[in-house]
Every structure is written in C-alpha cells, then in structure tokens.
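Visitor:
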Amino acid sequence: MKPQIYHVDAFTSEPFRGNSAGVVLHADTLSDAQMQLIARELRHSETAFLLKSEESDVHIRYFTPTVEVPICGHATVEAHYVRATVLGFGNTTVWQ
487 MKPQIYHVDA
497 FTSEPFRGNS
507 AGVVLHADTL
517 SDAQMQLIAR
527 ELRHSETAFL
537 LKSEESDVHI
547 RYFTPTVEVP
557 ICGHATVEAH
567 YVRATVLGFG
577 NTTVWQ
C-alpha cells in the first residue's frame, strides 16, 4: 500500500491551533532517507511514520526535519488518532 500523509493538530478543536505533527500511514516501503526527506518537506517539529510490527500493533518512528528522535508525545497521540479514524480502529469519539 502507498504511504498516506496527514497533517494533524492535537489538543484542539480549532484548525491551526494545538500541537501539529505529520503522520504517515503505511510507511513500510520508505527508506530512512525517504522518511527524513518527507519530515523535512512537511516542516513539522515531528513527523510520525507508522510501520507494521510483528511484536505489537504498530511500530512508530519519529523524525524532526533534521534527525530521527526516539519518541514524541503529541505525534504519538496524533498517530493513533489517524489509525483509529482512517483505518477504522475503535470508535471515532474525540475526548477533550
């Protein structure tokens, strides 16, 4: 499946508020260099790349525009929100 790129604003109900991040579904075919280029192009503080995992539901890698980082809180929330709404996991109720 081709990668799908999303811009998500967490912790807000208004566009262009909250903490933004990029989220890339189906990132399994992307190389490290491609992930870095996408993160640089999106220009978010972090971009989350979701990959298949045999050990858990999903494996997430995080990139800033310049380097891979080990974790990002708001990008994790946004990644799971995208999984739930786009891929249909669970309900789509958003609690604020």
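Under this note's numbering, read the sequence shown as residues 487 to 582, first letter to last. In this text, a Cβ means the ideal position worked out from N, Cα and C, and glycines have one as well. Predicted model, so just to flag it, every value in this text is computed and none were measured.
(1) Which residue's Cα is closest to the Cα of A507: L516, D518 and D495?
(2) Please check the pair L536 and L511, which I expect to be a contact at CB under 8 angstroms, by giving their CB distance rounded to whole angstroms.
(3) Taking just the CA atoms, how far does C558 sit from D518?
(4) Quick one, which of N505, E500, I491 and F502 has its alpha-carbon nearest I524's?
(5) Return the chain-ordered list of same chain residues with a C-beta closer than 6 angstroms to the C-beta of V580, the five sequence neighbours on each side being excluded.
(6) Candidates A534, V555 and K538: which alpha carbon is nearest Y567's?
(7) Applying the 10 Å Cβ sphere with the 16-neighbour rule, what's the burial state of M487?
Guide: Let me lay it out:
(1) D495
(2) 5 angstroms
(3) 18 angstroms
(4) I491
(5) At V580, the pLDDT of 49 sits below 50, so the modelled position is not reliable; the number obtained from the coordinates is stated separately. Cβ neighbours of V580 beyond the five flanking positions: none.
(6) A534
(7) exposed
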